[in-house]
Structure formats: structure tokens, C-alpha cells
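Read the structure below first, then the notes.
Number of protein chains: 4
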Amino acid sequence: MDYSKFKHSTQVRVRNYEVDWQGVVHNANYLLYFEVGRVEYLKHLGVKLDLSTIKNENRVVLVRNEINYKSPANFDELLGIYTRITYIKNTSFTFEGYIQEVTSKRLVAENLAVHVWLHPQTGEPITVSGNFREVVEKFEGKRMIINDIPLIP
Amino acid sequence: MDYSKFKHSTQVRVRNYEVDWQGVVHNANYLLYFEVGRVEYLKHLGVKLDLSTIKNENRVVLVRNEINYKSPANFDELLGIYTRITYIKNTSFTFEGYIQEVTSKRLVAENLAVHVWLHPQTGEPITVSGNFREVVEKFEGKRMIINDIPLIP
Amino acid sequence: MDYSKFKHSTQVRVRNYEVDWQGVVHNANYLLYFEVGRVEYLKHLGVKLDLSTIKNENRVVLVRNEINYKSPANFDELLGIYTRITYIKNTSFTFEGYIQEVTSKRLVAENLAVHVWLHPQTGEPITVSGNFREVVEKFEGKRMIINDIPLIP
Amino acid sequence: MDYSKFKHSTQVRVRNYEVDWQGVVHNANYLLYFEVGRVEYLKHLGVKLDLSTIKNENRVVLVRNEINYKSPANFDELLGIYTRITYIKNTSFTFEGYIQEVTSKRLVAENLAVHVWLHPQTGEPITVSGNFREVVEKFEGKRMIINDIPLIP
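Here's what the structure looks like:
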């Protein structure tokens, strides 16, 4: 993962109830932190993610998550969550993210989350919206790979 | 709380991630267990609790929770969740519940949860549905107090 | 609840996964928010709440929670969590809290959380530490009721 | 993933609070279900997973999770969680799992979870315990790949 390519970050402070009996953040909570990162990223880009939008116009589903645990996060630590979209293919796009403890810059975890764009009615995968491509490309610039929309034969 | 009056129970086994760093179930998770109890109770009585029903016909909101923590529950313990409706007033009804560790019969927690029946459109409190009163009264019998539906003047 | 008496507040933004299928924050999550408030409150007062402290010197347990739900909180809303200690009795002390949506100042929920001070070894209730009383009294001043430590007979 | 190779399964029923505002189980909760599967698997094999064991004798950490979301799980569905250990390498071992809705046999999600065996004091990766290898091999038989413990040079 190329950490130099990330332009967006947000922060969370580890809450008491996110820590399990081993004294560290439970493994599933990192997925929640990465989701916070993606939500803030999309908000920053002005992409609407409220109920009506997702349900009526756009319908996007998460189809795959990968997470590498690098070092445990502890109670009350301030975590930086870094998020970017690394590529947009025909019907899917992928977020990458990493979490770093803010003070020590200790790497905590890495994430890759693949999403697929679905037809609102049929639920079949469809081409990622052109507007979404433009907005992301404008923000990420050369940092990402945007596949061409396949030519109509 | 009169434990002899409960006719309905269900069970949950304490999961790893429900235990906090003190080695016991986190205090908020007992609310989730009591909710499991209420859901199973309503299912047992044949009261529909799916999205469309709640949103279209009935609209019920939780307005108050009380919980007394009696002894901590531990990882992998099997918990019995006991649930009953103690009274139905004009626009509200109240669940009582308690949790007991199954093997030792150790009391874990007690709960009281007050719900209000709302008008589906206006959101104003309205009289609890007559059908709901009947179904609950049939199940609970003399165990509960059902206030009279106020007389039409 | 007298909202004018609160001197401490912190904020949380409602996260996506805290919202249930009714489109509002799930009822158990408010307990987690109030806990965030208490943790920040104690940190602000310089009271140690890490694992070693709680386990070795002090041992404090939550014995009762009350929560009144006033209006549902929604995805991405910024919530102010107000926390104070309302009284310290001989072996127990009580937090009060309320949550207000920051922009609209809409009241979201109120909480009362009773804690008991335990002997680190025996687990029996003991007199709340004098140092804790002093620190809290210094911060809260006339806002709270501190019972006298009972006289040695 | 070869579904015919799994010998262990357990079940969970989807709880109300595990469902997000899209009406389906939130993506992080599947990790919790898979953890339930692993805990039950290890219990079935008689491998101790309590606090003292993990902290004193064995110390095992999760270093990677992969999850493929196949179809969303819904409120109140009964889910079968299938778990096996697919291989044990020198210092690591890997669980595979899948979740199937019990009635329809609809595939819900797949998981791969890599764990590393650490030295209790130094925290450095060490050879997976021979006893653990034996117990797992006895249960899984030819279903898994057990690497030889490297020869002492």
C-alpha cells in the first residue's frame, strides 16, 4: 500500500466499549473505523449517501473486505483513518484505507473494500455512474486508475 | 420484580466480542439481550414486527429503559432472558425482563422498557391497538394490568 | 433534569453503523454515547481510568442505568453529550447526562448512571475515595450534593 | 471454497440490532458471526480459549481477515456458520468459514482468517504448538494441510 497517495483523512478516538477483554480494539471494530473513513471521504467529495439517494438513484453494495492487522489500537488512542479510491472499473470500485495512531504514527491496520454498482430495480451490476467517476477522478487525479467505460459494440 | 410471573423465556450464549476489557459483558449489551427477549416474546405471541408492519400499521417507540446490573455475565455463559408485559396503559405499555445465568441461576440483570404507541402519520401518541391488548391479555392473563380503554365521552 | 447545571460536554458524530433499520440510532447506542461522556468527564478531571488503576487501586461498578429517549438521533448528526456527577453518597455516586443535537439544540436523550465503589479484593462496597470526592467537588462546586463520610462511631 | 470439506457448524439467529438502515445485516457483523464459529470450533476440539490460557501459555493474534459478501442476511433469519482450519504453517494457521441461510441454503458470506502464534513474553512469532497441530489434524484429517515443523538444523 502506497501511503503517499492518500489525500483524505479523518480521525476517531478509541472508545471504551470498542476494546475487548484482551485490552485492545476488537478486530471487527476496525471495519467500522474504515467505514467512518469512507463516509467522510464521500461527504468531502459531495457524494450523497443518504437513504433516499442510495435507495432510489444509486445502489451500491460492498462485496469484499480485506483487512490486515498491523498493531493493536488501545483505549483512548487517537487514530487517523486514511481513505482513497484506488480504481474504478466498469461495474465496481475499490477503496483502500489505512489507520495510523496519530501521536506515534504507528501503523494499525490496512483495508481494501470492493463495491459494486447495482441497477436500482433489477439489482444487476451496471456501469458505475459517469458523474461518480468524474467527481472521484477530479479529487484523486493521477492517484487512481479509472478504466474506460467499455465501448458500445 | 416478581420472577414467578414470567411465562416466556429465551436464551443467548455470551459471545466473545460482547465482553469488554474488564472480562465481563459490557453494560450496553444487556440492553441488546433484553431486546432479543422482547422480539422473541412478540414472535411467540404472533405479533408482527417486520419493517412494513411497524411502518405502515403500527408505530411503536421505546421511550424509557431502566436496567439494574446484579452480577456480571461472563464469556460463553448461557443466559436465560425472561420477558413479560406488565401493563398496558392507554397509549403505552411496559415490558419487564430479567436475565439469569442458566446453570447457576445467578441473577444477572433486570430491565424495564416503556413503549408508546404512535399514530403512523402524525407521530402523536394514540390508544394502544385493541388487537394487541387482546393478544397480550390472552397470553399473560391475570399476570398483567390492562387499563380500560377510556370511554368515549 | 436541570440542564443549566452541566459544566462538561463532549461531542460525537452519529456513525453509519449506529443507525438501525428504522433509520435512527439504535436504542442501546445512546448508552455508549453517555459512556463516552463519562470517560471524557473523568479524563478532564484527571481521574485515571485505565486498566491497571481500576483493577488495582479503585474498583468501580455500574449498578443502574436509566435512559429516557426524547427524540431519535439520525445518521451524521453531531451530538453534544453533557455530563455531570450529581451526588456522591457513602459508597455510591451518580452521573447524569443528556444528549442534544448540536445545530438544532433538539433534546435527544437523558441518562442517569449509578456507580458503586468496591473493595479491590473483597468486592464489597466501600466508602467512595476521599480524593475522588475532592476532585469532583472542586469541579462541580455547589452543583452537586456530597454526603458526609459517615462518622466513625 | 470447497464446501464439502467442512465438518463443524453452529448457528446464530440474526438479531434486530445487527440489521442496519438498509434492512440487512451490517457488513461488520459477519466478522462477529465468523468469530462465533471459530470459538465454537475450538471449544468442540477442546482447545482452551479463556483469558488465562491465552495470556499465559498461548498467545494467538488475528493478522488478516478476508470476507466476500454473497447475499445479505435479514432480520430473524437462522444462519449456519461453517468453520474449518485449512492449513497450519510454521508460525501461522488459517480458518476458513462460510455462512448459509439455513432454510433456503442461500450462501451469505465467506471468510478467511489468518492467525499467528506468538511467544507469550516477547510477542515474536513462534512455531505453532505441537499439541494444537495434533488436535486439529485429528479432527480435520486429510481435509487440511499441515506443514512440517522445520527441522532443527
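Residue numbers (the numbering used here), protein chains in the order written: chain A, 1 to 153; chain B, 1001 to 1153; chain C, 2001 to 2153; chain D, 3001 to 3153. Note that CB positions come from ideal geometry on N, CA and C, so glycine has one too.
Starting from B:Tyr1098, trace the beta strand (DSSP E) in both directions and tell me its first and last residue.
1092–1101
Taking Cβ positions, are C:Arg2059 and C:Leu2118 nearer each other than 7 Å?
yes
To the nearest angstrom, how far is it from the Cα of D:Gln3144 to the Cα of D:Ser3004?
Sequence inspection shows Met at residue 3144 of chain D; the Gln mentioned does not correspond to that position. Looking at the two C-alpha atoms, the distance is approximately 13 Å.
Using a cut-off of 8 Å between C-beta atoms, extract the partners of D:Asn3068 located in chain A.
Val63, Arg64
Under a three-way DSSP split, which group does A:Glu110 fall into?
A:Glu110: strand per DSSP, three-state reduction.
Excluding sequence positions up to five away, which residues of its chain have a Cβ less than 7 Å from the Cβ of C:Phe2075?
Val2014, Asn2016, Val2019
Write down every uninterrupted run of the alpha helix (DSSP H) in the segment 3037–3088 of chain D whose length is 4 residues or greater and which is fully enclosed by it, in chain order.
3051–3056
What residues of chain D sit near A:Asn27, judged by a beta carbon separation below 8 Å?
Leu3031, Glu3035, Leu3062, Asn3065
According to the neighbour-count rule (16 or more other Cβ atoms, all chains shown, within 10 Å of its Cβ), is B:His1044 buried or exposed?
exposed
Between which residues of its own chain and B:Pro1120 is the CB-CB distance below 6 Å, once the five residues before and five after are set aside?
Arg1059
How big is the Cα-Cα spacing for D:Arg3133 and A:Phe139?
50 Å
Is the CB of D:Ser3052 under 7 Å away from at least one CB in chain B?
Low confidence applies to D:Ser3052: its pLDDT is 45, below 50, so where it sits in the model is not reliable enough to give any reading.
Determine, using beta carbons only, whether D:Arg3015 comes closer than 7 Å to chain B.
Yes, its Cβ sits closer than 7 Å to a Cβ of chain B.
C:Val2128: buried (16+ other C-beta within 10 angstroms of its C-beta) or exposed?
buried
Any idea if D:Asn2972 is buried or exposed, counting beta-carbon neighbours within 10 angstroms, 16 or more meaning buried?
Nothing can be reported for residue 2972 of chain D: it is not among the residues displayed for chain D, which extend from 3001 to 3153.
With DSSP collapsed to three states, give me the class of B:Arg1133.
helix
For chain B, find out if any of its Cβ atoms is closer than 7 Å to the Cβ of D:Val3039; answer yes or no.
yes
Looking at the C-beta of C:Val2128, does it have a partner C-beta in chain B at a distance below 7 Å?
no
Which value, in whole angstroms, describes the spacing of the CA atoms of B:Met1001 and C:Lys2048?
Roughly 36 Å separates the two Cα atoms.
Taking the beta carbon of A:Val25 as the centre, do at least 16 other beta carbons fall within 10 Å, making it buried, or is it exposed?
buried
When you compare only the Cα positions, how much space is there between C:Lys2031 and C:Ile2067?
In the sequence on display, residue 2031 of chain C carries Leu and not Lys. When rounded, the distance between both Cα atoms is 8 Å.
Kindly list the residues whose CB is nearer than 6 Å to the CB of B:Ser1071, restricted to its own chain and excluding five residues on each side of it in sequence; keep chain order.
Arg1106, Val1108
Taking all protein chains shown into account, do 16 or more other C-beta atoms lie within 10 angstroms of the C-beta of B:Ser1104, making it buried, or fewer, making it exposed?
Exposed.
Within the same chain, show all residues whose beta-carbon is closer than 7 Å to that of C:Pro2153, passing over the 5 residues directly before and after it, in chain order.
Only weak support exists for where C:Pro2153 lies, its pLDDT of 43 falling under 50; the coordinates are left without a value.
For the beta strand (DSSP E) holding C:His2008, just list the boundary residues, first then last.
2008–2013
Taking all protein chains shown into account, decide if D:Gly3130 is buried (16 or more other Cβ within 10 angstroms of its Cβ) or exposed.
exposed
Have a look at A:Thr158 and A:Val114 and give me their C-alpha separation to the nearest angstrom.
The structure shown does not extend to residue 158 of chain A, since chain A spans only 1 to 153, so no value can be given for it.
Please list the partners that C:Asp2020 has in chain D, where partner means a Cβ-to-Cβ separation under 8 Å.
Asn3016, Tyr3017, Val3019, Asp3020, Trp3021
Is it the case that the Cβ atoms of B:Leu1062 and B:Val1012 are separated by a distance below 7 Å?
no
Keeping to the same chain, check which residues put their C-beta closer than 6 Å to that of B:Asn1065; ignore five residues upstream and five downstream.
Ala1113
Can you grab the Cα-Cα spacing for the pair A:Ile81 / A:Ala73, in whole Å?
Using only the alpha carbons, I get a separation of about 12 Å.
Note down, in chain order, each residue of its chain lying with its Cβ closer than 8 Å to the Cβ of B:Gly1123, except the 5 sequence neighbours on either side.
Only residues of its own chain outside the window of five on either side were considered, and among them Arg1059 have a CB closer than 8 Å to the CB of B:Gly1123, listed in chain order.
Can you give the Cα-Cα distance for B:Ser1009 and D:Phe3006, rounded to whole angstroms?
33 Å
Just to confirm, is the Cβ distance from B:Thr1091 to B:Pro1125 under 7 Å?
Yes, these two residues count as a Cβ contact at 7 Å.
Would you mind giving the Cβ-Cβ distance between C:Gly2037 and C:Gly2097, rounded to the nearest angstrom? I have them listed as a contact below 8 Å.
5 Å
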